[in-house]
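Each residue of the sequence shown is one higher than the one before, counting from 1456 in the numbering used here.
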Amino acid sequence: MDMYSETDFEKIDLSQKPPREEPERQYYYIARCREWVREFKQKNGRPPCFFTQTFGCQMNARDSEKLEGILRQAGFEEAGGENADFVLYNTCTVRENANQRVYGRLGYLNALKKKNPHMLIALCGCMMQEPQVVEKIRKSYGFVDIVFGTHNIFKLAELISRRVEEQHMVVDIWKDTKQIVEELPAERKFPFKSGVNIMFGCNNFCSYCIVPYVRGRERSRKPEDIIAEIQRLTEDGVVEVMLLGQNVNSYGKNLEGSVTFAQLLRRVEEIQGLKRIRFMTSHPKDLSEELIQVMKESKKICHHLHLPVQSGSSRILKAMNRRYTKEQYLELVGRIREAVPDISLTTDIIVGFPGETEEDFQETMDVVEKVRFDSAFTFIYSRRSGTPAASMEDQVEESVVKDRFDRLLRRVQEISTDVCARDLHTTQDVLVESLNDHLEGYVTGRLGNNTVVHLPGDASLVGTIVPVYLEESKGFYYMGTAGQEP
Ligand code: SAH
Ligand code: SF4
Ligand code: F3S
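Below you can see the structure in the form of structure tokens.
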């Protein structure tokens, strides 16, 4: 048993001072929130309800699950929509328009809050790590109740307690941290699969990217903590984990008694009951031969690799500070494919980085032709203030970027349609994830390589892995039937 599941929140003595140590201190504040929730119930005849919205990547999604875990442990219940007693936005700031969306939503929340005076509004996540954002919220969005960042999400219960006592906006932003607080609750969106953080932060400083500034320096969790968490998850019904980090290939570098990502994977592989292992994101510059070997030998690691290339032009890659060339990337892809021939490769591509010429863009198109990605997330370069690329000269004109973006997207989609059909008329294992949203009597799941499959079935299949015959390819997904080939 671990410390968290052994804790009885009802037995914590609130007449004492809060402990200094974590996570005990947060257990104390969770108990305090429970007191407040009891009073709320007495007054209103119902428990307070929460609504969270996540903007951004899987790292943020996992953070939201932790925040929801704390809220639930504190006695809050989930609300159906934004008209809740506690509304939390977990923000992203990777591209400019992500910020605009949040400001837009805040106007709407203000209107709701006028009708529901109980309502508490909290903002957290990457956007809050930018001082000018916090400034703007203090000045123009005074109705916000709690503002915190990416480094102190474990403190949610403490921040709520403070807000309730102090009766004014609570702002708590840390510039960076070395601390990793373990043993706190977390919700799961799916009972059978879960993200698991293996590291936080990023040290790479790609010149276009804000993430290192808002997520701080790289910190790896101890392998024992990761293994223990996954063990607990599998005992609780999880069959698939997604190991999360901005650059999983540099896992372990800051830990004593060095351990590599590949070694961590070997240990995760041994966990009984776990069936599928995924991970994200791999930086090409740090992808080791050892990792390729482990992927080749593993029975559980999915044959899918997300390997962001960003650009095909070695000149642009240099300006991006990616620290590999086009040739090195293609050579790496070659080695991976040789070891794991049926691997499905996906990528991220940025179009219109400062100084990108038509020639540079053609190099990107050439990588797309040569690698033939299963899918690619394509982004128009966004000038993030605070990053080196934002002050580079010759930013590319919008219409030129748009035209390149359209050409790239078309080609990416054509290739994807071809590539994704490769398993047609074969039988493959599918982890069934949900009832189908559109087709009555159907369920939806994923192949190991992440491709979506729809098949006839009912709720009893959800969370199980079943062999499915892939009858028809629809470009990005298959229609199939459970069982072997007819
Ligand atoms: N750590 C991951 C990516 C995190 S951000 C990696 O290194 O691959 C996710 C994606 O957003 C990046 O891969 C990149 O393609 C895109 N991105 C980041 N900053 C951007 C910017 N300023 N403009 C456009 N796209 C950007
Ligand atoms: Fe951003 Fe580069 Fe770090 Fe990825 S590796 S998060 S793109 S700085
Ligand atoms: Fe966005 Fe932060 Fe993720 S900026 S992409 S939510 S690390």
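Note that beta-carbon positions come from the ideal geometry of N, C-alpha and C, so glycine has one too.
Quick caveat, the model's predicted, so the values are computed rather than measured.
Skipping 5 residues on each side, what residues in its chain have a beta carbon closer than 7 Å to that of residue i?
i	result
Arg1617	Val1625
Lys1521	Ile1608, Leu1639, Ala1641
Thr1780	Ser1769, Leu1772
Is the beta carbon of residue j closer than 8 Å to that of residue i?
i	j	result
Ile1798	Gln1765	no
Leu1925	Leu1879	yes
Pro1490	Leu1469	Per the sequence shown, residue 1490 should be read as Glu rather than Pro. Yes, Cβ-Cβ distance for Glu1490 and Leu1469 is below 8 Å.
Thr1736	Gln1783	no
Phe1734	Met1697	yes
Glu1532	Thr1507	no
Ile1628	Phe1655	no
Ala1529	Cys1504	no
Ser1675	Thr1715	no
Ile1726	Ala1612	no
Met1583	Phe1603	yes
Gly1580	Asn1545	yes
Thr1801	His1761	yes
Ala1566	Asp1600	no
Asp1540	Leu1564	no
Asn1891	Tyr1897	yes
Leu1699	Ile1653	yes
Gly1536	Arg1731	no
Ala1717	Glu1695	no
Val1693	Ser1649	yes
Count the other CB atoms within 10 Å of the CB of residue i; is the residue buried (16 or more) or exposed (fewer)?
i	result
Lys1472	exposed
Ser1928	buried
Asn1552	exposed
His1573	exposed
Arg1672	exposed
Thr1872	exposed
Gln1497	exposed
Pro1739	buried
Arg1839	buried
Gln1481	buried
Glu1679	exposed
Ala1831	buried
Asn1499	exposed
Asp1518	buried
Gly1900	buried
Gly1511	buried
His1623	exposed
Ser1705	buried
Gly1559	exposed
In whole angstroms, give me the CA-to-CA distance for residue i and residue j.
i	j	result
Pro1640	Glu1824	45 Å
Tyr1663	Arg1778	14 Å
Arg1865	Arg1527	44 Å
Tyr1933	Thr1819	29 Å
Val1619	Gln1555	29 Å
Val1885	Ile1771	39 Å
Gly1810	Gln1817	14 Å
Asp1849	Met1514	33 Å
Glu1769	Val1788	One detail in the question is off: residue 1769 reads as Ser in this sequence, not Glu. Cα to Cα, Ser1769 sits roughly 16 Å from Val1788.
Val1651	Pro1667	20 Å
Val1669	Ala1937	45 Å
Thr1548	Leu1614	23 Å
Ser1915	Gly1935	17 Å
Asp1858	Val1588	32 Å
Ser1889	Leu1910	11 Å
Asn1571	Thr1509	22 Å
Glu1479	Ser1460	13 Å
Leu1863	Ile1791	24 Å
Thr1605	Glu1621	23 Å
Glu1476	Cys1657	26 Å
Can you give the beta carbon distance from residue i to residue j, rounded, assuming they're within the 8 Å contact cut?
i	j	result
Asp1829	Cys1875	6 Å
Arg1643	Ile1682	With 8 Å as the limit, Arg1643 and Ile1682 do not qualify as a contact, their Cβ atoms being about 18 Å apart.
Val1917	Val1887	5 Å
Thr1881	Pro1922	The pair is not a contact, with the Cβ atoms about 10 Å apart (cut-off 8 Å).
Leu1719	Gly1728	With a Cβ gap of about 18 Å, Leu1719 and Gly1728 do not count as contacting.
Pro1763	Asp1803	4 Å
Phe1931	Val1907	7 Å
Glu1585	Gly1841	7 Å
Gly1807	Val1867	The Cβ separation is near 16 Å, so there is no contact.
Which same chain residues, not among the five before or five after residue i, have their C-beta less than 6 Å away from its C-beta?
i	result
Ser1753	Glu1724
Pro1843	Ser1662
Lys1751	Ala1794, Val1795
Ala1516	Thr1509
Could you pull out every residue in the same chain whose Cβ sits closer than 8 Å to the Cβ of residue i, ignoring the five residues on either side in sequence?
i	result
Asp1457	Glu1638, Ala1683, Arg1687
Phe1464	Tyr1482, Ile1485, Ala1486, Arg1489, Gln1528
Any residue with its Cβ nearer than 6 Å to a heavy atom of the ligand COA should be included. What is that list in chain order?
No copy of the ligand COA appears in this structure; the ligands present are the ligand SAH, the ligand SF4 and the ligand F3S.
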